[in-house]
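So the structure is just underneath, and the comments pick up after that.
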Amino acid sequence: MIYIFDLDDTLYDERQYVESGLAAVASFVEKTWNVDKRSGFQQLVTLLDRNGRGRIFNDYLAHHGIAVNKRNVRACVSAYRLHQPTLTLPDNHLTLLESLPKPLYLVTDGNKVVQSKKVEALNIAHYFKRVFVTHRFGVQHAKPSTYCFEKIRQAEQCQWYEMVYIGDNPAKDFVNLNTLGMPTVRVLTGVHKKAPAKPGFDAKFTIQNLDELPALGL
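So for the sequence shown, this note's numbering puts the first residue at 1; every next one is plus one.
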């Protein structure tokens, strides 16, 4: 069996990255507009928890009387996306990656610069034969597209049932892979752990955490 992993909220808690990025934005705003970065970071976290990520930088700038225009918002977005994050992979996840039969693959959606920085910060690239950031191939090949999975299947010259994908988001991670007969595993971690799945969208197997993966006997 060839194991393929999602990244965010599957292998590590993405909240780490979000807070690391918000700290970078708070530092940028302090240097640019002299707003204290310590209290600023706490304000950004509060905005995140209250309203989500959608307008967080707009609201933060407005709160401090800073012009909310495209230039300033984009500068905050750039500070967030281009920062070098500090991330940690749980020890038990490292042990799992070391113990699973090789090759392993990683398939993750998102901004190609951001996702590459995450992989670098986690120091996990060497565990995988190849890391697929779907956006490198065009946003149309992001999940639920099976484009990157087909590349893996062709590279390994295997059948769909000989690969398994482990992810966390039932809105996109599993639906098209299910129809191809590929085993799918949903790990109930991260922001989607309580998300209901539409018919056919959930994984074939569900586990509470990655420690339960070997017991599935895939």
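Don't be surprised by glycine CBs; every beta carbon is placed ideally from N, CA and C. None of these values were measured; they are calculated from a predicted model.
- The beta-bridge partner set that DSSP reports for Phe205 consists of Val185.
- By the criterion of at least three beta-carbon pairs nearer than 8 Å, the segment 98-105 is not in contact with the segment 51-71.
- Boundaries of the beta strand (DSSP E) harbouring Leu106: Leu104 to Thr108, taken from the DSSP string.
- When DSSP reads this structure, Met163 sits in a beta bridge with Ile2.
- By the Cβ test, the segment 144-164 is in contact with the segment 182-197, since at least three Cβ pairs between them sit closer than 8 Å.
- For Arg130, the three-state secondary structure derived from DSSP is strand.
- For Thr86, no alpha helix (DSSP H) encloses it, and the DSSP letter there is neither H nor E.
- Secondary structure note for Thr95: its alpha helix (DSSP H) is the uninterrupted segment Asp91 to Ser99.
- Judged by their CB atoms, Leu89 and Leu213 are not nearer to each other than the 8 Å cut-off.
- Where Tyr12 is concerned, there is no enclosing alpha helix (DSSP H), because DSSP gives it neither an H nor an E.
- Distance from the Cα of Val139 is smallest, within the candidate group Gln159, Val45 and Asn111, for Asn111.
- Using a Cβ-Cβ distance cut-off of 8 Å, the segment 107-124 and the segment 11-19 are in contact, since at least three pairs of beta carbons, one from each stretch, lie closer than that value.
- DSSP places Leu61 in the uninterrupted alpha helix (DSSP H) bounded by Ile56 to His63.
- The C-beta distance from Asp202 to Phe174 rounds to 6 Å, short enough to meet the 8 Å contact threshold.
- Per DSSP, the continuous alpha helix (DSSP H) segment holding Thr46 begins and ends at Lys37 to Asn51.
- For Val114, the enclosing alpha helix (DSSP H) has its first and last residue at Lys112 to Leu122.
- Taking a C-beta distance under 8 Å as the contact criterion, Leu7 and Gln84 do not qualify as a contact pair.
- Less than 8 Å separates the beta-carbon of Glu156 from that of Ile2.
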